[in-house]
Structure formats: structure tokens, C-alpha cells
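Counting from 4, one number per residue, gives the positions in the sequence shown under UniProt numbering.
This report concerns only the one structure given below.
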Amino acid sequence: NIILKIEDLKVNINDKEILKGLDLEIKEGEIHALMGTNGAGKSTLVKTLSGHYDCVVNDGKITYKNKDLLEMDVTQRANEGIFMSFQSPVEVAGVNNSYFLKTAMNAKRAYEGLPEMDAMEFLKVTKEETAKFNIDRKLLQRDLNDGFSGGEKKRNELIQLLMLKPDLIMLDEIDSGLDVDAIKTVANVINSMLDGKKSILMITHYDRLLELIKPDFVHILHDGKIVKTGDYTLALELDEKGYEAIGINDVNK
Ligand code: ADP
Ligand code: MG
Ligand code: MG
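Next up, the structure:
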């Protein structure tokens with residue numbers, strides 16, 4: 004079953020064409036890694052999928068769960084199970100993190116026709132989920148991302164993942180700036196969620212995360228398109244030889 008199909012996608016940011024006719028297909032249960040030089044447009048792709056207002060779609064088609072994704076607003080995309088871990092999550096002072104997550108969860112549950120989860124139940128489930136992975140729950144008592152360290156922001160996104168249980172998980176350099184143990188926690192959380200149905204699109208430059216979460220496919224994004232697709236060994240080859248050795252020259256240089 005195909006969960007996401009992107010056809011000839013063209014996206015502008017600030018009137019500059021960043022994605023220039025990109026095609027990508029993800030089936031249920033597949034793990035895809037997206038690689039590419041700095042500024043290639045990797046973040047632009049996942050931001051476009053999550054419905055970020057920076058990204059102006061000029062052409063192409065995106066089908067998610069057999070529906071037209073481009074017809075959905077940000078909230079609807081989230082309710083339909085799209086989750087995005089941002090490279091730089093926004094800080095929202097004055098919005099309690101726990102309240103924010105409970106609201107997001109209940110919006111999704113209402114969308115799915117499920118009853119609202121009350122505060123007691125929410126507390127119980129967050130306790131259970133975070134305990135499994137030794138994640139500090141105190142983050143939930145603070146304001147959303149306000150003053151969070153890089154590592155805390157990433158851990159907070161893991162809590163969101165565990166609670167929201169999305170179907171399409173997009174991770175934009177979730178491993179950047181994390182120490183080895185934190186990367187392991189990320190991998191443990193992700194791997195625990197894999198049930199043959201959930202799909203992952205992850206952006207990473209680092210081998211370590213790919214070793215722990217083995218992708219089925221590795222794509223290279225270059226000049227606004229996916230120019231090469233391979234299996235896990237493509238990531239290894241890249242790590243060993245670099246982009247130029249496989250015929251990709253950085254257009255931004
Ligand atoms: P990557 O994630 O592959 O490093 P990005 O998708 O972040 O690349 O960026 C692709 C291109 O879009 C870059 O040239 C970047 O400078 C540009 N870009 C990204 N965000 C913005 C923005 N908010 N305003 C202007 N240009 C942007
Ligand atoms: Mg970048
Ligand atoms: Mg990026």
C-alpha cells in the first residue's frame with residue numbers, strides 16, 4: 004500500500020524555485036532516508052509535506068493515504084497522521100507543553116472519532132511511555148520548547164511521537180547535536196513504533212542513526228530532484244567517498 008506519492012513537485016521559497024520536479028513514493032512500513040548537500044532542499048521537502056507556509060507549491064501532485072495532501076491544511080495533515088520533527092522547532096513561551104500535547108492528541112482523537120483523553124489518563128499514558136525510554140517527563144511541565152536545550156527539544160519530540168503515534172514520521176536531522184546515548188534513545192523510540200504500517204522519511208548526514216534505524220531506501224536530493232536512489236549501501240558509499248565521488252557537485256559552491 005502506498006502511503007505517500009509525490010509527482011513532479013515544484014516548490015518555491017521566497018520566489019526561488021527549490022524543488023524542481025521531485026518524485027518520491029513511500030509505501031506503508033517503509034523507511035526512507037533523504038540525503039544531499041547543504042541547501043539541496045531536504046528541509047524544504049519535509050516542510051512542504053507538513054504544510055509549512057514558507058513553501059509555495061507551484062506544480063505537481065502529492066497523494067497521501069489516497070487523498071490530495073495539498074487540499075489539506077496543517078491541522079488536517081497532523082490529524083491524518085503526518086508528523087514532522089523540525090530542524091529548528093519554534094519556541095512558544097506561555098503555552099504549557101503538556102497542555103499543547105494534550106490538545107493536539109485530543110484533536111487527533113476527535114478526528115478519528117475517539118473519545119477525549121482526560122488529564123488523568125493523559126498523565127498516566129505519558130508516564131508509561133516516557134518511562135519505557137527513560138525520557139524526563141519534567142519537560143511536559145514547562146512552556147513549549149521555551150529555553151529547551153537542543154537535546155531537550157529532541158526528547159520533547161520523542162514524547163510527542165510516542166503520544167501521537169503518527170503514520171508518516173518525518174525527521175529532519177533529529178540526530179544533529181545529540182550525543183551517542185541520545186541518538187540511541189531516538190533510535191529505540193523510532194524502532195519501537197515500527198509496526199509494518201508506519202512509514203518514515205528521515206533526513207540525516209550521520210551514519211550512526213542509519214546504522215540504528217536501517218533504511219529500506221536511500222535517496223539523494225540534488226538540484227531540486229531526487230537524482231539517485233539506492234539501498235542502505237548508498238549511505239555507506241556516501242559516507243566513505245563523499246558526494247563528488249558519486250558525480251554530485253555542489254551547485255551552491
Ligand atoms: P537543506 O535542508 O537540504 O539543507 P533547505 O531546504 O533548508 O536545504 O534549503 C534549500 C534552499 O532554500 C537553500 O538555498 C536555502 O537557502 C533556501 N531557503 C530555505 N528556507 C528559506 C527561507 N525561509 N527564506 C529564503 N530562502 C530559504
Ligand atoms: Mg541544511
Ligand atoms: Mg535542512
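Note that the Cβ used here is the ideal one computed from N, Cα and C, for glycine as well.
Three-state secondary structure (DSSP) of residue i
i, result
"L237", "helix"
"T232", "strand"
"S101", "helix"
"K168", "coil"
"A43", "coil"
"I162", "helix"
"I249", "helix"
"D139", "coil"
"D226", "coil"
"S152", "coil"
"D178", "coil"
"E20", "strand"
"Y114", "helix"
"E74", "helix"
"E131", "helix"
"E31", "coil"
Limits of the unbroken beta strand (DSSP E) element including residue i
i, result
"N61", "C58 to Y67"
"I6", "I5 to I16"
"A36", "I34 to M38"
"L174", "L171 to D175"
"F86", "I85 to S88"
Residue i - containing alpha helix (DSSP H), residue span
i, result
"M120", "M120 -> no alpha helix (DSSP H), and no H or E assigned at all."
"Q79", "V77 to N82"
Other residues of its chain near residue i: CB distance less than 8 angstroms, five sequence neighbours each side excluded
i, result
"T232", "F220, V221, H222 and I223"
"K256", "For K256, the pLDDT reaches just 49, beneath the cut-off of 50, and the residue's location in the model is therefore unreliable, although a value from the coordinates is still provided. Taken in chain order, the list of residues that qualify is empty."
"T188", "F136, N137, I138, R158 and L161"
"V183", "R211"
"K30", "N4, I5, I6 and S202"
"E28", "I5, L7, K8 and I9"
Close Cβ partners of residue i (< 6 angstroms) along its chain, the five nearest in sequence each way excluded
i, result
"R80", "G54"
"I251", "H225"
"I249", "none"
"I193", "I216"
"V77", "G54"
"V211", "Note that residue 211 corresponds to Arg in the displayed sequence, not to Val. Cβ neighbours of R211 beyond the five flanking positions: I186."
"I197", "The sequence shown places Leu at residue 197, not Ile. Closer than 6 angstroms at the Cβ level, and outside the excluded window around L197, lies no residue."
Spatial neighbours of residue i in its chain, beta-carbon cut-off 7 angstroms, leaving aside the 5 residues before and after
i, result
"Y209", "D178"
"T207", "A36, E176, D178 and L213"
"G84", "P169, D170 and L171"
"R140", "T129, K130 and T133"
"K50", "D57 and C58"
"D146", "V95, A96, G97, V98, N99 and N100"
- Item | Three or more C-beta pairs below 8 angstroms linking the stretch 10-24 and the stretch 54-64 | yes
- Message: Assess contact between the stretch 162-175 and the stretch 105-117, defined as three or more Cβ pairs (one per stretch) separated by less than 8 angstroms. Is contact present?
- Response: yes
- Identify every run of the beta strand (DSSP E) within the stretch 180-219, keeping only runs that are complete inside it and at least 3 residues long; order them along the chain. Along the stretch 180-219, the beta strand (DSSP E) occurs as fully enclosed runs of 3 or more residues at 202-206, listed in sequence order.
- Are the stretch 42-49 and the stretch 15-24 touching by the rule of at least three beta carbon pairs closer than 8 angstroms? Yes: the two stretches touch, three or more of their Cβ pairs being nearer than 8 angstroms.
- Query: Is it true that the stretch 28-38 meets the stretch 195-206, where meeting means three or more beta-carbon pairs spaced less than 8 angstroms apart?
  - Reply: yes
- For the stretch 72-87 and the stretch 228-244, state whether three or more C-beta atom pairs, one from each stretch, are separated by less than 8 angstroms. Pairwise C-beta distances place the stretch 72-87 out of contact with the stretch 228-244, as fewer than three of them are shorter than 8 angstroms.
- Query: With a cut-off of 8 angstroms, do at least 3 Cβ pairs link the stretch 143-160 to the stretch 95-103?
  - Reply: yes
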